[in-house]
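Residue numbers (the working numbering): 125 to 291.
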Amino acid sequence: MAGLEGIEQPRRHGSATAARWSPAIEDERAHKALELFGNPTEAEVPLPSRPESAATARRLTQVVILRHWGLTPRMTEDAVLLVSELVGNAVRHTGARVFGLRMRRRRGWIRVEVRDPSRGLPCLMPVQELDVSGRGLFLVDKLSDRWGVDLLPRGKTTWFEMRVADR
125 MAGLEGIEQP
135 RRHGSATAAR
145 WSPAIEDERA
155 HKALELFGNP
165 TEAEVPLPSR
175 PESAATARRL
185 TQVVILRHWG
195 LTPRMTEDAV
205 LLVSELVGNA
215 VRHTGARVFG
225 LRMRRRRGWI
235 RVEVRDPSRG
245 LPCLMPVQEL
255 DVSGRGLFLV
265 DKLSDRWGVD
275 LLPRGKTTWF
285 EMRVADR
């Protein structure tokens, strides 16, 4: 190809991936999740306890925090990561068939809750540099302003809170 020396050409497999993901497509998927499962700011949204439900929870978190509440993309990214970790724990460690997602906003704070029927408490473990698992609660601890677990008569709610600047 004359005249194109030194210009990196797009790779076929890379362009196929780029065609499948875009912010607009992800935004559309987030709104579709809201339509299908409900708004976690209005009531607890029940989700099946399957690994693919983490993607649904991430999309619901994204659309609420970024679009409905108008918060920053950085805060949205952090909250999406943390909800994914809490959902992952509920799916992997509780044996539940369903878990619940709830989001709340009050002056200066957002709160994200994941409820499951297990009374087994999550455990914040020390993390080593080469660990390949067990970092979920470590991330929750580092990126949230506070987090905790509320024991219920039948299960628990694991939650995190983040400070937000009110306008």
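Quick reminder that beta carbons are idealized off the backbone N, C-alpha and C, glycines included. Given the structure is predicted, the values throughout are model-derived calculations rather than measurements.
- Ranked by Cα distance from Arg-228, the options Gly-279, Leu-158, Trp-193 and Glu-152 are led by Trp-193.
- Along the length of the region 199-243, whole beta strand (DSSP E) runs at least 3 residues long occupy 222-230 and 233-240, reported in chain order.
- Between Glu-168 and Val-264, the alpha-carbon positions lie close to 21 Å from each other.
- In terms of CA proximity to Glu-150, Gln-186 leads the group Arg-230, Gln-186, Ala-178 and Thr-282.
- Ranked by Cα distance from Arg-278, the options Phe-161, Leu-225 and Gly-244 are led by Gly-244.
- Cα atoms of Thr-180 and Thr-196: separation of roughly 20 Å, rounded to the nearest angstrom.
- Pairing Leu-275 with Leu-225 gives a Cβ-Cβ distance that is not under 9 Å.
- By the Cβ-count criterion, Ala-148 is exposed, with fewer than 16 other Cβ atoms from all chains shown falling within 10 Å of its own Cβ.
- A Cβ-Cβ contact shorter than 9 Å links Val-238 with Thr-282.
- Taking 9 Å as the cut-off, the Cβ atoms of Pro-164 and Leu-184 count as close.
- As a beta-bridge residue in DSSP terms, Gly-279 pairs with Leu-276.
- In the structure shown, the three-state DSSP call for Pro-197 is helix.
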